[in-house]
Amino acid sequence: MNPGRERSACGIGFVADAAGRARRDVVEAALEALRRLRHRGAVDADARTGDGAGVLIPLPRRFVAREAQRLGVGGCDPERLGLAMAFDRAPEGHLDEVVAGACAAEGISVLAWREVPVRPVALGSTARERMPRIRQAFLLAPEGLGPGPCEQRAHRARRRAERELRHRGLACSFPSFGFRTVTYKALAAADQLGAFYPDLADPLFEAPFALFHQRYSTNTVPTWERAQPFRMLGHNGEINTIAGNVRRMRAREGRLGLPEPELEELFRPVVDEAGSDSQILDEVLELLCREGGEDGLGRDVRLAVAMLVPAAWEGDPRISEEVRDLLRFHRSLMEPWDGPAALVFTDGLRVGAALDRNGLRPLRVAVCEDGTVVCASEAGAVDLRGRGRIRRSKLGPGQMLVVDPAGGGVQLDPVARVARRRPYGVWLEHHRRVLQVRPSAVPTVDDLERRQVAHGYTREELTLVLAPAAASGKEPTFSMGDDTPLAVLSTQDRPLYHFLKQ
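Heads up: the sequence shown at position 270 corresponds to 269 in numbering that gives the first Met the number 0, and the numbers run straight through without jumps.
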């Protein structure tokens, strides 16, 4: 199966505390939402193996510190600890060696490995047969390094590890790898995830927000690796422009603008073309948020998402001039990744949701008086009784919602906030160059009529199709139905496609 032809229709969403308080009930609500979205997934012939489900949360610091203590490496500052979640399919010791070397190259220490507790009996037989060994590497960031540089180094360390694993022919993957977030996912149905991972029921497993995803694979065999969320996002829908997007990213590999030639080589290829469209989009979002930008530490996740799935801003009077300038500026840097697509995303600090400009996937929002924010594919994914007054809404085409505790909580205009930070209009005025495209020379064809006959053109096509298209610049519109004579009865030679009718 060509990965570029994969399609899926999923249940997605997030639960968040607008004030950024780490809460146990946030994780429980995300698992509840998953269970209520089970109908969005399917099951295998064994009647138990699901298409894949998962949750993505900020690192539960108290839980990680306790587990580090159990592993005998608990004397470190908990704020310097990170986790690399691994699906290990390599022979014993190989993954440990690869990860240790990759992390050492970035100044990161691997303190210990933890076998993640699992209950395989919660899954179907097919999922159990394909289950990898699930492990966590406890990472220690270099002393004195800020959160942004730490996350960047973890990103580069993972890329180094993936490159070495490919070189050795080892089929291992990392659902998450960093100092901010961790992803728990499995080839499971939505209501099996909590039973499969006992960690998710631990009282110390708490978070200020949690992304959740129930996969529905329309036309492919589900795998552990393609369960979502990925490292930064969960996606419902498909990216119909994926072939062109991948080609453009491949073309950019020679001018990524990274500070060292060795890093340029590290990020080739930019994306894994064998991955699904959702996986490729996640890789590009991660690259935008971890590398480059004005400070070299990546872009704001709100800006990165707006670059990838921009609103249809031309001709829309509701969009401010500042946002227009931002989108106009960045369209020369990144082409749209068009769906239909609904996204939930996070950089570990903020959590948000966005619809592409087609707006053909549902996202319902509920903001509660107690500070709980729920965004999901369907209303009713979380029981909100007892949370005070509730403001309900839904996202429309090109709209984005972000919960940013450090930025005041719920942001209904996140792109506008980012747009006000930089003078994009001034930059456009001084630096934009519009290419002057000369009109193509009209070819002179002495035997035009003979060529038209040879290619099967009819008078009807010339007068009713080609002439209006040339005059208006768009395809002519007709009513339904076709009353032209059947090609099989024609006395003239007809093109092959005239014999095929819908």
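Ideal Cβ positions, reconstructed from N, Cα and C, are used throughout, including at glycine.
About 5 angstroms separates the Cβ atoms of P228 and L210, confirming a contact at the 8 angstroms cut-off.
In the three-state reduction of the DSSP assignment, I279 falls in the helix class, which pools H, G and I.
Membership of E114 in the beta strand (DSSP E) is indicated by the continuous run S108 to E114. As a beta-bridge residue in DSSP terms, L210 pairs with F13 and L55.
Of the candidates G73, R127 and G123, the residue whose Cα lies closest to the Cα of L110 is G73. The beta carbon of R155 sits closer than 6 angstroms to the beta carbons of E105 from its chain, once the five residues preceding and following it are set aside; these are given in chain order.
A residue is called buried when at least 16 other Cβ atoms come within 10 angstroms of its Cβ; W223 meets this threshold and is buried. Taking the C-beta atoms as reference points, A126 is found no nearer than 9 angstroms to T182.
Proximity to L169 across H234, V120 and A89 peaks at A89, based on C-alpha coordinates. Shown here, A160 sits in a helix according to DSSP, grouped into three states.
G472 sits away from M399, with the two beta carbons spaced by 9 angstroms or more. For F195, the enclosing alpha helix (DSSP H) begins and ends at L192 to F195. By the C-beta criterion, the stretch 394-412 is judged not to be in contact with the stretch 271-290, since fewer than 3 inter-stretch pairs fall below 8 angstroms. The beta carbon of N244 lies closer than 6 angstroms to those of W336 in the same chain, with the five residues before and after it left out. In chain order, G424 place their CB closer than 8 angstroms to the CB of E320, counting only its own chain and leaving out the 5 sequence neighbours on each side.
With respect to the 9 angstroms criterion, L58 and T180 are classified as neighbours on the basis of their beta carbons. Look at G351 here: in three-state DSSP terms it is strand.
Between R35 and A380 the beta-carbon gap is near 5 angstroms, inside 8 angstroms, which marks them as a contact. In this model, R65 and P77 are separated by some 9 angstroms (Cα to Cα). Around the beta carbon of S175, 16 or more other beta carbons lie within 10 angstroms, which makes this residue buried. Cβ contact annotation for L286 (same chain, cutoff 6 angstroms, sequence separation greater than five): none.
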